[in-house]
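2 protein chains.
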Amino acid sequence: MRSKVVSSIREAVELAGLKDGMTVSFHHHLRNGDYVLNTVMDQIADMGIKELTVNASSLFACHKPLLGHIKNRVVAKILTNYMAEEVGREISCGIMDRAVEFRTHGGRPSDIASGRTPIDVAFIAAPISDPLGNCSGKYGKSACGSLGYAFADAMYADKVVIITDELASYPLMDWSIEETCVDYVVKVDAIGDPAGIVSGTTRITRDPVGLVMAEQAALVIRHSGLLKEGFSFQTGAGGASLAASKFLKEIMLKENIRGSFGLGGITGYLVDMLHAGCFEKLLDVQCFDLDAVESIRKDPRHQEISAEHYASPGAKSAVVDSLDVVILGAAEIDTDFNVNVHTDSNGYIMGGSGGHSDTAAGAKLAMIIAPIQRARMPIVTDRVTCISTPGRDVDVLVTQAGIAVNPENAELKDRLVDAGLNIVNIHDLKRKAEHLTGTPKKPMMGSREVGKVICRDGSLLDTIYSVR
Amino acid sequence: MRSKVVSSIREAVELAGLKDGMTVSFHHHLRNGDYVLNTVMDQIADMGIKELTVNASSLFACHKPLLGHIKNRVVAKILTNYMAEEVGREISCGIMDRAVEFRTHGGRPSDIASGRTPIDVAFIAAPISDPLGNCSGKYGKSACGSLGYAFADAMYADKVVIITDELASYPLMDWSIEETCVDYVVKVDAIGDPAGIVSGTTRITRDPVGLVMAEQAALVIRHSGLLKEGFSFQTGAGGASLAASKFLKEIMLKENIRGSFGLGGITGYLVDMLHAGCFEKLLDVQCFDLDAVESIRKDPRHQEISAEHYASPGAKSAVVDSLDVVILGAAEIDTDFNVNVHTDSNGYIMGGSGGHSDTAAGAKLAMIIAPIQRARMPIVTDRVTCISTPGRDVDVLVTQAGIAVNPENAELKDRLVDAGLNIVNIHDLKRKAEHLTGTPKKPMMGSREVGKVICRDGSLLDTIYSVR
C-alpha cells in the first residue's frame, strides 16, 4: 500500500523543507484542547529554525507556550483571527517586534487563496486520516466535527502535513480534506485533550440580566420582518446568545415558522432547533459541543462548510451573504455602533473578530447583545478602544436597559417601535452606563503597535497599541 | 433572497464577457444526452463570437453540431479527452487549422489547475442547483450522479455559469460544486435527454469470444497475487469488461475476499459487488447507469470524487496511484504493448484516452482485453497507428487466443504460467491475427496534423494525421 506516513513530526518538518523566515499554519478546531500547535512549535524550536510567521486561525489559552517561542525568536510574526487573553496579555505588553495581524474567519481564507498571505507548511490536526491524507474531523477519539477552517490551508499551502491520532484504512470516506493536497501524514498518540476540544454541553445563561436581554433579542427578531418561512440564523455560543435561541425557538414553534438554515459555529441548541423543525439545514464551519459533533457525523441535513464557503469576501459568494439574522457579543460598543471584541477594558488583547465582522457584514440584521456595564466598566461608550466590526455593519444593540437601533436602519426602528419594544437612543444607554459606573478612565495605551485589525476588504481597520 | 440566476444563456455569456479568441469549457456527465454544449455554442455563434477554444472533457455523437461551428470559425481549437467517431471522422478529414489536443481525464484537470490550459468561461450542466450555484448531479429529472469532471472547471475558470433544469431552494445540501466558484446560474427547460444521459442498464456481453476473454481476465486477476483483502479495482463499461467483473465477483465471493474499493466510471455491476461485500467502497468520477446514480445518491459507501482526486498527475496523490487492477479495452495493441484507443483501423478519430492511460499508469496491474481481430482487421499489430497509452504502462493482454504478458512484468508471467493459464508471446498473437485477417493494409495517412495526444506528464505522446 502506498503511504505518506512518516515517522515523526520532526521528519515531516525536515521533508517539508521548513527554513528560517517561512510561514507555518494551524487551525483551531481542537480549540482549548489542541496539542498540535505546541508540539509542532516545540519540535521546530528544537531544530533551531527561527523567525517564523505563524498563521493560526485562532489561539487559545492552551497555546500560551507560543510566548516562549516568541521570546526565543522562533516566532517573529503572528497572523490570527482570535487570541485568548492568556496569550494576548503579553502580546499587549509589547514582546513582539512586529504587530499581530488580526483577520476574520472569512478574510483569512480569502487572503490565503489570493496569495496575500502565503503558507509554506500547513500542519493540520485531523481526528482521522488514511495513509495518503484523506482526512476528517468527524470520526476518531479526538473527533471535533467540522474542519472548515483548515480547508484553505490544505488547498493553498506549499506543503501540507496531516497530524492524526487515528489512521484509517484507505480510502477514508466522507473526507473533509483530500489526498490531492497532502504531502505527509504523521501518527501521534493524541492530537488533543477531548475535554478541551469540545465542551460536553454548551450552557444557556441563568443570569437574570442575560435572560432579559435574550428575551428582548428574540422579540427584536420576531418583529424585524425577517422571521418567516425560509429564515436563516447564526448565533454564538455565549450564554445570552444561546438563551436568545431558546426564546426564538419557542416563538418559531408557536408561530409555526419553518426556517431555512442555521449557520456558523454550531451548538447542540442549533441541533435541537433542526430536530424541532425550526430549520431544515445546518451549515457548520465549527462544532462547539458534542451534540454538534454527533449531528454532523450522522445527519445529512447538517453539513460541513469551509471557511471560504462560510464567509470569504474573496469568494463569488459565501453563505454569510445569504444570512438573515446574526446575534453577536461585544466587549465594547460605541455610540456609532462600532464594536470591539479584540481588547478588554484595560486595553489588553483578549479576543478577535472570528466570524464577527463577516456575519455582521453579510447578515440582513446584525444584532449585538451586551449588558450596559460589566464589572463596573461601561460597555456602551463614546469610542471603542479598538474597532473590530465597523458600526455601519451593526443594526441593533440589545441591552437590559433598552434596545438601540442604528439610525442607518430606520425601517427596523419603525418596526420595533410599532411592536412596542423599549427602543432607546444609544447615547442614553451610554449615559445610563456611565451613571452606574462613573465616567470610565480610558486605558493608557503605549505608542507601540502590537496589533493590526485587517478589514475583510484587506484595508487596515484599526491598530492596537501596547498597554503601558 | 440573493440570486445569481440570469434570464438566459445569452445574458450569462454577455455578463461573463466572452470575447473572440477566448476559451469555453464543458463537462460530459450528460454523455450522449447532453443538450448544454450545443445550446451554448449555438447561442455564442448567434452572438457573432469567433475563434474560440472549446475545452470539453469528452465529445459524444450528440455534439456533432460542433462541426458546423468549426466550419463557421466560431470554434478554432478543441481540447478534449475523448471524441466519438461521429465528430472525429470529419476532424480526421482535416476541417480544422489547428490540431485537436487530446488529454487524459487526469491530465485535463492537472493542466487546468496549473494554468497551462486556462478557461475563460466554464459552462457547467448541473441537474440541480440553488440560486447561488451550489449544485449537484445526484438529484433532479436529469440526474447523472457524479459531476467529477466538472470540478476543475468550476475551481479554476475565470467565470463559471451553471446551467440547470431544476432550481432548488438555498442552500442545496450535498453539493458537488459550491457557490464560492459560481458567477451565474441559468434555468433552462432541459439540460439533456435522460435516455442519453445514462443507460437504463449496462449490459454484459453475450458474445462467446467476449465471455472466453472475460473468464481468462478474471483468472489473470485471481492469480496475479493482488486478489486479496483490500483489493481495489476499476473496469470500463464495455461488455467484456463487465463480464470479467461478473466472473471476478464469483471468485471473490467463493474465496471470501473482501476488497477495498471499486473506482472509476461506476456501473450497476460495481454497485452489485459493493452490495455483495466484494468492496467496502466505491469512488465515482462518473456514473454510467441508473443503478450507479441511485447508489451514489443514497449509499454513503459510494462517493463522488473529482477528476483531480481520481487521476491528476499534478495532485500530491490521486486514487489511481493506489489502484491494484484495471481492465481496459483497445482498438489496437502492438507488440510493444502500446495501445491505441484514439483511431480506428482506417485512421479516423473515434475515441480517446479518457482514464485509459491514467489508470494504466497508476494501477499495479493494467490489463487490456481485446479480441485478436475485429471485422477482419487484426487488433494485435506491429505498431499502433496512434499511441494512446504507452506499452510501459500495460502489463498484460488477454485475448481469446491466449494471454500475453509484458516482458517487463516477469513476476506476473511466472505467476500466470504457474497457474496453468494459456500464456503466449504477443508476436504469436500478432501472427495468429494476421493469419485470420491477412496482413493488414495500414491506413494511408495524410500529412496534416489533426490531433496531438498529450501524455499525462505534459509531453507529446503521439500525433494523429489526417486521413487521405
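Chains as they are written, first to last, in this note's numbering: chain D, -18 to 449; chain A, -18 to 449. Note that the Cβ used here is the ideal one computed from N, Cα and C, for glycine as well.
Cut-off 7 Å between Cβ atoms - residues of its own chain near A:P294, not counting five sequence neighbours on either side: G87, G88, S91, R437, D438
Three-pair Cβ contact test at 8 Å for the region 285 to 293 of chain D versus the region 345 to 354 of chain D: no
CB-CB length for D:E66 against D:Y329, believed under 8 Å: 6 Å
Three-way DSSP call (helix, strand, coil) for A:L148 in this model: strand
Out of D:E389, D:I384, D:A312, D:M233, which has the shortest C-alpha to C-alpha gap to D:G401? D:I384
Beta-ladder partner(s) of A:V448, from DSSP: A:M426
A:S276 at chain D interface by Cβ criterion, 8 Å: no
Assign D:K119 to buried or exposed, taking buried as 16 or more other Cβ atoms, counted over all protein chains shown, within 10 Å of its Cβ. buried
May I ask you to list, following chain order, the residues of the region 141 to 175 of chain A that have a beta carbon less than 9 Å from some beta carbon of chain D? V141, S150, Y151, P152, M154, D155, W156, E159, E160, T161, C162, V163, D164
Using the Cβ count rule (16 or more neighbours within 10 Å means buried), how would you classify D:R84? buried
State the start and end residues of the unbroken beta strand (DSSP E) segment that holds A:K119. Where A:K119 is concerned, there is no enclosing beta strand (DSSP E), given that its DSSP letter is neither H nor E.
Would you mind reading off the limits of the beta strand (DSSP E) that contains D:S6? 4 to 7
Just verifying my parser: in three-state terms, what is the DSSP assignment at D:S180? strand
Between D:V377 and chain A, is the shortest Cβ-Cβ distance under 8 Å, so that the two count as touching? no
Leaving out five residues before and five after D:L207 in sequence, what residues of the same chain have Cβ atoms less than 8 Å from its Cβ? D305, V306, K345, L346
Could you pull out every residue in the same chain whose Cβ sits closer than 7 Å to the Cβ of D:R(-17), ignoring the five residues on either side in sequence? L113
Exposed unless 16 or more other CB atoms sit within 10 angstroms - verdict on D:K423: exposed
At 3 residues or longer, what runs of the beta strand (DSSP E) sit wholly inside the region 5 to 61 of chain A? 33 to 37, 56 to 61
Which residue from D:R278, D:I185, D:A124, D:V190 puts its Cα closest to that of D:T216? D:I185
Exposed or buried, A:A135, counting other C-beta atoms within 10 Å across all chains shown (16 or more means buried)? buried
Roughly how many angstroms lie between the CA atoms of D:L244 and A:A26, to the nearest whole one? 43 Å
Taking the alpha carbon of A:M254 as the reference point, which residue from A:V68, A:G343, A:I232, A:A124 has its own alpha carbon closest? A:I232
So, for A:A180: in the same chain, excluding its five sequence neighbours on each side, which residues have a beta-carbon less than 6 Å away from its beta-carbon? It is worth fixing the name first, because residue 180 of chain A is Ser in this sequence and not Ala. Within the same chain, A:S180 has close Cβ partners D270.
N-terminal and C-terminal residue of the beta strand (DSSP E) that A:Q197 is part of: Where A:Q197 is concerned, there is no enclosing beta strand (DSSP E), although the alpha helix (DSSP H) it sits in stretches over 189 to 203.
Whether or not the region 333 to 342 of chain D and the region -13 to 3 of chain A are in contact is what I'm after, with contact meaning three or more pairs of Cβ atoms, one per stretch, closer than 8 Å; do they touch? no
Check the DSSP bridge columns for A:E82 and list the partner residues they point to. A:L60, A:K433
From this set, D:R355, D:S440, D:G432, D:H283, which residue's C-alpha is nearest D:G75's C-alpha? D:G432
Give a yes or no on whether 8 Å exceeds the smallest Cβ distance from A:L264 to chain D. yes
On a Cα-Cα basis, can you pick out the residue from D:K279, D:D374, D:M331 that is closest to D:F318? D:D374
Is there a Cβ from chain A that is less than 8 Å from the Cβ of D:E289? yes
Pick from A:A42, A:H10, A:D1, A:M28 that is closest to A:V35, judged by C-alpha positions: A:D1
Looking only at its chain, what residues have a beta carbon closer than 6 Å to the beta carbon of D:E160, apart from the 5 residues adjacent to it on each side? L113, G114, N115
Could you tell me whether the Cβ of A:D302 comes closer than 8 Å to any Cβ of chain D? yes
Between the CA atoms of A:A299 and A:T444 - distance to the nearest angstrom: 27 Å
Enclosing alpha helix (DSSP H) for A:S440 [first to last residue]: First-last for A:S440: undefined, no H or E at that position.
Return the residue from the list A:S110, A:A(-3), A:L33, A:I144 that minimises the CA-CA distance to A:H8. A:I144
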